[in-house]
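K.L.:
First, the structure itself, so that you have it in front of you.
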Amino acid sequence: MKALFLLLGIISLGSCIVFDPPNKGETKYWHDYNMKFLKKVLNSQKPLKVAKNVILFVGDGMSFATITAGRILKGQMEGKSGEESEFIFEDFPHIGLAKTYGTNVQITDSALTATAIFSGIKTSFFAIGANNPTQNVQEKDRLKNIIDWAQEKGKRTGVVTNTKITDATPASAYAYSFSRLYECDSRIPENVKSIGFKNIAKQLVENEPGNKLNVIFGGGRDYLGVGSGKFCNNNLVTKYLNQFDNEKNVKFVKNTGELRAVDFSDVDHIMGLFADDHMDYESLRKKDLYGQPSLSEMTQSAIQILNNKYNENGFVLIIEGGLIDKAHHFNQAKFALEELVEMEKAIQIAKNMTSSEDTLIIVTADHAHSMLFHGYPSRGNDILGFANEGTNVPLFETLVYGNGPGYRYHLIKGSQTQFMPMENYTVQQRKDPSYMYKSMIPLDYSTHSGEDVGVYADGPGSFLIQRVFEQCYIGYAISVASCIG
């Protein structure tokens, strides 16, 4: 958390701006760009078939290097060499590239990018759901997004994540804030509290569109006052449950067993908070009934609930594979790739449970990460292993990071510059869950990277995803494909 405050401070102080960026605070600029790009695409395609349902997957930090290394790991987990493997979304018929920069930064964070994806408007670093907000941001400044637009059309809606539900990406679906850190009152400066700003967790429970969501799955019990931590003194879960009419079938669940006990065919609203903070990595999570459900199980449950007897007009569902990013920030490549493999299982489930005749599925990333995939490893080489075994060059791993805590992790004890030779690490040490891959620049918390990210689409309106475009275009493409907004 200290690192996040440091990053915010760096942005606040500003760096050397050589060229003044245009249109930093103009909502109209991004709207006009989106409409112009839409017209270009629509003029070149057949008439549009409307998507009744939309499922948007966001792989947080899912860079192209992550996808390539992840597909190799997937293949190797299946006993193959790996390179020939593919993810299901790589076979989607329409693919584009999204430019992820923000209005005041070249390399972005998840709050900014999620706001752009969901609302169609780019904003500033750390900002959630509002256009370049100040500390005095008000509810009237909140940007409507695909969740609002869907609810206005009578569609059912859901947000699923394996991070805390108040984290930057999920929060951007329902909240507004100058800073992504304002998740509960204990994290909000006194001068901001004094103007009546409502924290992100309260916005989820008390404000539209959060309090109208039919499915809320993720971690973050501490932030809603029902965890072991003391971040929030108010029990917001009770408030959430009490707001619905008696005839509404509303559920709250906190582990896998409780989730599986729910009759999905007869649930109107459900909140599942499965961890005090972020949920556990797939390879570490407790898999019994008292543990946490996987991202794929949460996806399956969410679709069953959204598509049950209460569904008349379709649904819009946002699903975040957020732990890819959390692992990358600590240079833990193994966890990051395993999380992508798990997210692909969720995408496969979504494909199996829906039809491309009426359901648009989009898979994208919010931003890239600084993990590199390098060297000249042999075909079938362990993607988590060394790139150059059998050569005269000192051993190095195929996966490495541009920056992050892996730099100091690999230093010889007592040295500030000399790395421990890789051959000195035992197999057990490199398989330890806390193992970090080497980085080239020492930081406590690895940064994101600025390259474009992939956008993969299947179903009605998927042809709207093509070419290279501003990331904010995705929200407008969803709006047009599903006739919302």
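Numbered per mature numbering (1 follows the signal peptide of the UniProt record, and there is no 0), the sequence shown spans residues -16 to -1, 1 to 469. Glycine included, every Cβ here is placed at the ideal spot set by N, Cα and C.
#1: Where does ILE179 fall in DSSP's three states?
#2: Helix or strand or just coil, what does DSSP make of ARG392?
#3: Do the stretch 337 to 357 and the stretch 398 to 414 make contact, defined as three or more Cβ pairs closer than 8 Å?
#4: Counting along the chain, where does the alpha helix (DSSP H) carrying HIS328 start and finish?
#5: If I follow the unbroken alpha helix (DSSP H) through ASP309, where does it start and stop?
#6: Out of ARG451, ALA334, LEU321, which one is the CA nearest neighbour of GLU281?
#7: Using the three-state DSSP reduction, which class does ASN233 fall into: helix, strand or coil?
#8: Among ILE200, LYS106, THR145, ALA441, whose alpha-carbon lies nearest the alpha-carbon of ASP16?
#9: On the three-pair Cβ rule with 8 Å, is the stretch 417 to 426 touching the stretch 45 to 56?
#10: Using CA coordinates, which residue listed in GLY445, VAL439, GLU454 is at the minimum distance from GLU74?
#11: Less than 7 Å between C-beta atoms, sequence neighbours within five positions excluded: which residues of the same chain meet that for GLY390?
#12: THR141: buried (16+ other C-beta within 10 angstroms of its C-beta) or exposed?
#13: For the stretch 247 to 260 and the stretch 222 to 239, state whether three or more C-beta atom pairs, one from each stretch, are separated by less than 8 Å.
#14: Assuming ILE345 contacts ASN198 under a Cβ cut-off of 8 Å, what Cβ separation, rounded to an integer in Å, is found between them?
#15: What did DSSP end up calling ASP44 once you bin it into helix, strand or coil?
#16: From the DSSP output, in three-state form, read off LEU188 for me.
#17: Could you tell me the distance, in whole angstroms, from the CA atom of SER466 to the CA atom of GLU323?
#18: Which two residues bound the contiguous beta strand (DSSP E) that contains SER423?
#19: Quick one: using the 10 Å Cβ neighbour count with 16 as the cut-off for buried, is GLY203 buried or exposed?
#20: Where do the ends of the alpha helix (DSSP H) carrying LYS20 lie?
#21: Measuring straight from C-alpha to C-alpha, what distance separates GLU435 and ASP247?
#22: For ILE112 versus ALA159, is the C-beta spacing smaller than 7 Å?
#23: Can you give me the start and stop residues for the beta strand (DSSP E) that ARG451 sits inside?
#24: Could you tell me the distance, in whole angstroms, from the CA atom of GLY45 to the CA atom of HIS351?
#25: From MET61 to GLY306, what distance separates their C-alpha atoms?
#26: Would you give the residue range spanned by the alpha helix (DSSP H) that VAL223 belongs to?
#27: Whole angstroms is fine: what's the gap from PRO117's alpha carbon to TRP14's?
#28: Out of THR150, GLY104, ASN297, point me to the one whose CA is closest to ASN183's CA.
P.N.:
Based on what the coordinates show:
#1: coil
#2: helix
#3: no
#4: Checking the sequence shown, residue 328 turns out to be Glu, not His. 317 to 337 is the span of the alpha helix (DSSP H), which, as asked, contains GLU328.
#5: 307 to 313
#6: The closest CA to that of GLU281, considering only ARG451, ALA334, LEU321, is found on ALA334.
#7: In this structure, ASN233 counts as coil in the three-state DSSP scheme.
#8: For ASP16, the closest alpha carbon among the candidates ILE200, LYS106, THR145, ALA441 is that of LYS106.
#9: By the C-beta criterion, the stretch 417 to 426 is judged not to be in contact with the stretch 45 to 56, since fewer than 3 inter-stretch pairs fall below 8 Å.
#10: VAL439
#11: ASN315, MET420, TYR421, LYS422, SER423
#12: THR141 comes out buried.
#13: yes
#14: The pair is not a contact, with the Cβ atoms about 19 Å apart (cut-off 8 Å).
#15: Note: ASP44 maps to coil in three-state DSSP.
#16: helix
#17: If you take the alpha carbons of SER466 and GLU323, they lie about 29 Å apart.
#18: 423 to 426
#19: buried
#20: 11 to 26
#21: 44 Å
#22: yes
#23: 451 to 454
#24: 5 Å
#25: About 22 Å.
#26: The sequence as given places Lys at residue 223; Val does not occur at that position. 220 to 226 is the span of the alpha helix (DSSP H), which, as asked, contains LYS223.
#27: Those two C-alpha atoms are separated by around 16 Å.
#28: For ASN183, the nearest C-alpha among the options comes from THR150.
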